[in-house]
Every structure is written in structure tokens, then in C-alpha cells.
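Participant: To convert, take the position in the sequence shown, counting from 1, and add 8; that gives this note's numbering. Questions regarding the structure given below will be posed in turn.
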Amino acid sequence: MIVDCHAHLANPGFFPSEFIDGIIDNLITTIDGSVSTHRRAALRRSYLEAFEDRDCDGLLREMDEAGIERVCLLIIDFEESGFRPKLDLATIFEEHSRIVLAHPDRFVVFAGVDPRKGPKALEFLRRGHADFGFQGLKLYPPCGFMPGSDIVEPLYEYCTKFNLPILVHIGPTVPCFGFEYSTPYALEPAVRRFPHATFILAHGAVKHIEDSISMARYRPNVYLDLSGYQVEYGRETLVDKLNELFEKRVNHKLLWGTDWPIFRMFGGQKTFLSLLTQPFNEGKLAIAPSEFHAIMGTTFCNLTGIQPA
Ligand SMILES: [Zn+2]
């Protein structure tokens, strides 16, 4: 069973325009910092087109083509960041619920809330979990809060009580946000205080790698997702980088994810999946088949209680 543990619903109304502009700027810099203004505008147009898939028809097509059974859609609450999306958080929750109701065996949703909403944050999480069947929590600290601080505790308590995994963004992000909130050690105090909660460091296998791996090695309740490997590992060095990662003895803590649609400019689900499955099938990855299959889906199923098909 193949599960993408990290993706987003491609609806531009869910994201502040400053966030989307920032992603485009970062991606263009990744490709070539000297891109002309004209080319930049063309890339921006094609990126915005790729960010338009409100009913998930495009994503489902890509999942079917690639043989991906399930995708976990992560909600981000930007409302407290100073940059607001067009749609409010209640509408964003309802839209995700609509998609899960339409395709219950294809999508999983993690509720996203900013703890600075206070009691309202907990109410959003409760509603997402109890009323909409969302199966985890997504935190996006770059919006401006420390994930190890006291204000997040009620959310961690709820997730511990109901056994909901908590996926936390790690690493630098768009230029308009602060990066001090998203290091593995900004989260660490919470990991220690909530040993029975499960934490997934989003992008932990590609950003702040050394610290993320230390957390996965020495904290039983910490897992790392691979999303971003499509860009961060580089096509020529991908196999070497994966093998370096597999040497760290955290394979049972790794989860495959793509961050779709963020990197759609570089390909679709089939391309992203084959970046791993092709070298694996050719015997180029130094990993046991059971560990590889765990990364590609079984571990996520274990953490969320989803029955593998
Ligand atoms: Zn993401």
C-alpha cells in the first residue's frame, strides 16, 4: 500500500497570495537565480495553473496513474500570520471534509490550526476530528509561534488523548515568514513533555537533516517525512543521498511524502514516486524491502490506524 503522507488540496483560496508568491520565488531561485522578469511571469502563470484542483480530480488521476492508494491532505491555518487567505478556516475545513466524504478510501485529512487562536484552536481541532473524521494535526510554526511553547499544549493533550499524529513543518520556508520557529529543536520541548504523542517532522529527512535524525534516533515518538526530496536531493545525487539517509538507522521512522502540489512544476505523482521506486527496483538502494515498503505506506497506516488494503 502506497501512501503519500504529505500533500495539500490545490485551492488557491486556502493560501495567502504572499505565500504562493514566496514559493514561486524560492523555486525560481532553486532553478536559476538569474531568471528574467519575463520568464518569471510565465513561470508564475504556469505555477498558478498547477495550483488549481479544487475537487482533487487532477490529484486522483495522478494517484491512479502512479498506483498511490491514499494521500494525506494537510490543512494550514494562516489566519494569525499577518497574511490571510481568501477563504476562512471554517470554510477550508468544510472543503476538506467534502473531499473526504466524496473519496473516503483515497484521502486522509490532518486538521491545521494556529494555537494563538486560544480555545478556538482546540475547538477547530475537536470539530475536525470528531465531526469531520480528520485523523491528525498539522502545525505550521513559520506563521509565528514556537511549537515547543505552552500555548500549543492543549492541542498536544487532545492529540495524545485521541492518538492523533502531529505533523509539524520543519525548515526554512517562504521569504515572508520567520525561520526561527521551524527548527527540530524548537519543537523538542514538546516532544519531551508529550512522550505519548506522535510527532512527524515534515521535511525532516531533507531539512535540518542532522538535528532531525538525532530527534528520530533518540526520541521514540519522532518520525520524519521525506517531502521535498524531489528538489532538495537533486536528480544526479538522489540515489547517494537516499543511501546516506538509509545508513542512519532510522528507516522505521521515515514516511514518504511529496508536498503535492508545491513541486508540480517539476513533475507529477508518478514521476516523484518513480524517483524512489525505480532505483529500489534496480537494486540501487541499500535498504531491505520490508523497510522500503514501510516508508512507502505501512508506517503511516500504523500511525493513523488506517487498515492497509
Ligand atoms: Zn506541505
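For every residue, glycine included, the Cβ atom is placed at its ideal position computed from N, Cα and C.
#1: With a threshold of 8 Å, establish whether the CB of residue 235 neighbours any heavy atom of ligand 1.
#2: Rounded to a whole number of angstroms, what is the C-alpha to C-alpha distance between residue 313 and residue 169?
#3: Do the segment 123-134 and the segment 69-82 make contact, defined as three or more Cβ pairs closer than 8 Å?
#4: So, for residue 173: in the same chain, excluding its five sequence neighbours on each side, which residues have a beta-carbon less than 7 Å away from its beta-carbon?
#5: Per DSSP, residue 146 forms a beta bridge with which residues?
#6: Identify every residue that forms a DSSP beta bridge with residue 208.
#7: For a minimum of 4 consecutive residues, which ranges assigned as the alpha helix (DSSP H) are wholly contained in the segment 17-98?
#8: Applying the 10 Å Cβ sphere with the 16-neighbour rule, what's the burial state of residue 276?
#9: Sorry if obvious, but does the Cβ on residue 61 come closer than 8 Å to a heavy atom of ligand 1?
#10: Are the segment 220-228 and the segment 251-269 touching, with three or more C-beta to C-beta distances below 8 Å?
#11: So, at 8 Å on beta carbons, what are the nonlocal neighbours of residue 107 in its own chain, with the 5 sequence-adjacent residues on each side left out?
#12: Mapping DSSP to helix, strand and coil, what is residue 11?
#13: Less than 8 Å separating the Cβ of residue 174 from some heavy atom of ligand 2?
#14: Give me the Cα-Cα distance between residue 96 and residue 21, rounded to the nearest whole angstrom.
#15: Mark residue 42 as exposed unless 16 or more other C-beta atoms lie within 10 angstroms of its C-beta, in which case mark it buried.
#16: Using the C-alpha atoms, what's the distance from residue 165 back to residue 134?
#17: Below 8 Å on the Cβ atoms is my contact criterion, and I expect residue 247 with residue 234 to pass it. Report the Cβ-Cβ distance as a whole number of Å.
#18: Please determine, among 307, 278, 272, the residue with the shortest C-alpha to C-alpha distance to residue 230.
Facilitator: Reading from the atomic positions:
#1: Result yes, Cβ under 8 Å from ligand 1.
#2: Near 15 Å, if we compare the C-alpha coordinates of residue 169 and residue 313.
#3: Contact between the segment 123-134 and the segment 69-82 is absent, because fewer than three Cβ pairs lie under 8 Å.
#4: The answer, listed in chain order, is 144, 206, 208, 311, 312.
#5: The beta-bridge partner set that DSSP reports for residue 146 consists of 120, 175.
#6: 175, 231, per the DSSP bridge assignment.
#7: List check, alpha helix (DSSP H) in window: 25-39, 45-58, 65-74.
#8: Burial call: buried.
#9: Residue 61 has its CB no nearer than 8 Å to any heavy atom of ligand 1.
#10: Touching, yes, given that three or more Cβ pairs across the two stretches are closer than 8 Å.
#11: 17, 63, 64, 81, 115, 117, listed in sequence order.
#12: Reduced to three states, the DSSP call for residue 11 is strand.
#13: No copy of ligand 2 occurs in the structure displayed; its ligands are ligand 1 alone.
#14: Between residue 96 and residue 21, the alpha-carbon positions lie close to 9 Å from each other.
#15: Exposed, since its Cβ has fewer than 16 Cβ neighbours within 10 Å.
#16: Rounded to whole angstroms, the gap between the alpha carbons of residue 134 and residue 165 is 12 Å.
#17: That belief does not hold up - the Cβ atoms of residue 247 and residue 234 are roughly 14 Å apart, past 8 Å.
#18: Comparing C-alpha distances from residue 230 to each of 307, 278, 272 shows the shortest one belongs to 307.
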